[in-house]
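What follows is the structure, encoded as structure tokens:
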């Protein structure tokens with residue numbers, strides 16, 4: 033997903049103390065061939081490749097994780113930002129690295145979308161990566177101007193069935209854009225999905241009534257929501273978010289099969305040794321469970337989402353299938 037939040041990115045921490053993998057316990061992951069001894073892991077700094085620019089929401093959350101991992105593993109964690117290209121340059125950097133746990137990658141909902149959307153994707157997010165753990169997730173909000181006549185999702189759908197409505201999103205192929213296209217198809221409404229170059233442009237268009245509804249994350253729209261310049265009438269999540277518990281989901285509003293949850297997660301190149309995956313998963317689960325980390329992430333507008341490698345792998349496969357169906361049903365041209 034294209035993140036638009038900004039803020040200072042904390043530097044990764046560094047301690048001299050080393051933690052050995054021998055004796056580490058954790059949850060099993062799918063079998064990975066050619067596992068090698070890992071008693072000396074990590075033996076050098078760990079690089080996490082991120083397909084988003086420095087200072088964005090994904091970058092900041094990964095730097096928080098990297099700092100905590102550095103303290104636990106005794107090696108520096110370096111964030112390597114490779115934005116652009118729909119995340120392909122970042123993914124290919126990780127795929128081409130040795131599968132020894134010293135190069136990791138952050139994948140997102142966008143990587144699941146690209147499996148179908150891009151005709152010549154040079155990597156397979158399912159086959160070429162080994163899941164470690166989800167990091168954070170976030171719903172999208174249906175945003176309207178403060179003075180909008182729309183007070184609920186039902187009002188939005190009624191307008192779409194009674195003469196048409198315009199949805200504003202960031203660029204075609206983004207999670208936001210496809211979420212709006214999915215709502216158009218799932219609800220059977222007359223809606224025009226208008227793409228903009230950036231999140232600020234979307235939010236401005238909603239305020240000016242150039243479009244009646246915008247699709248964006250809480251993190252990206254938080255300041256305008258808190259200032260009373262925008263209102264959230266619905267959420268795309270499978271359940272109500274703890275960040276906005278008063279905002280109902282589209283499922284609650286009658287679209288039982290509709291749910292869009294954005295996520296960022298940590299993966300390793302396929303064939304990374306099982307003990308490395310297990311060790312990293314255990315540390316991330318413990319880090320994300322701490323009150324301090326939970327508080328910092330909620331403050332950024334995202335929710336901690338640590339899980340098992342198996343659950344993350346299942347989520348990726350499910351999202352690939354879901355977005356393939358949406359792209360087909362909405363008659364979206366592959367790029």
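Numbering (my numbering), first residue to last: 33 to 367. No residue lacks a Cβ here, since even glycine has one placed at the ideal position from N, Cα and C.
Roughly how many whole angstroms lie between the Cα atoms of residue i and residue j?
i, j, result
"residue 297", "residue 338", "9 Å"
"residue 190", "residue 136", "46 Å"
"residue 308", "residue 153", "28 Å"
"residue 206", "residue 318", "31 Å"
"residue 45", "residue 193", "Because residue 45 carries a pLDDT of 37, less than 50, the predicted location of this residue cannot be relied on, and the following value inherits that uncertainty. Distance between the alpha carbons of residue 45 and residue 193: 54 Å."
"residue 196", "residue 331", "36 Å"
"residue 210", "residue 71", "45 Å"
"residue 79", "residue 201", "32 Å"
"residue 353", "residue 215", "17 Å"
"residue 155", "residue 129", "13 Å"
"residue 98", "residue 121", "21 Å"
"residue 348", "residue 145", "10 Å"
"residue 229", "residue 340", "35 Å"
"residue 310", "residue 257", "40 Å"
"residue 102", "residue 73", "13 Å"
"residue 241", "residue 222", "17 Å"
"residue 366", "residue 139", "20 Å"
"residue 364", "residue 356", "10 Å"
"residue 188", "residue 220", "12 Å"
"residue 272", "residue 182", "20 Å"
"residue 75", "residue 125", "20 Å"
I think residue i touches residue j, with their Cβ atoms under 8 Å apart; what is that distance to the nearest whole Å?
i, j, result
"residue 91", "residue 85", "7 Å"
"residue 166", "residue 295", "6 Å"
"residue 270", "residue 293", "6 Å"
"residue 306", "residue 131", "Wrong, their Cβ atoms sit about 11 Å apart, outside the cutoff."
Considering only C-alpha positions, which residue in the set the options is nearest to residue i?
i, options, result
"residue 112", "366, 134 and 147", "134"
"residue 115", "131, 129 and 88", "88"
"residue 208", "231, 333 and 345", "231"
"residue 159", "127, 74 and 215", "127"
"residue 175", "168, 198, 169 and 155", "198"
"residue 107", "329, 293 and 77", "77"
"residue 283", "218, 82 and 336", "218"
"residue 326", "274, 310 and 303", "274"
"residue 290", "346, 171 and 367", "171"
"residue 351", "177, 155, 256 and 141", "141"
"residue 96", "367, 348, 320 and 355", "320"
"residue 259", "177, 365 and 347", "177"
"residue 234", "341, 262, 73 and 367", "262"
"residue 185", "256, 287 and 75", "287"
"residue 255", "241, 272 and 236", "236"
If you check the beta carbons only, do residue i and residue j fall under 8 Å apart?
i, j, result
"residue 163", "residue 344", "yes"
"residue 285", "residue 173", "no"
"residue 147", "residue 315", "no"
"residue 300", "residue 161", "yes"
"residue 169", "residue 157", "no"
"residue 247", "residue 333", "no"
"residue 118", "residue 150", "yes"
"residue 94", "residue 82", "yes"
"residue 244", "residue 225", "no"
"residue 323", "residue 329", "no"
"residue 227", "residue 253", "no"
Step through the CB atoms of chain D and report whether any lies within less than 8 Å of the CB of residue i.
i, result
"residue 171", "Checking the listed chains, one finds no chain D in this structure; it contains a single protein chain."
* **the region 347-362 / the region 273-281 touching (three or more Cβ pairs under 8 Å)** => no
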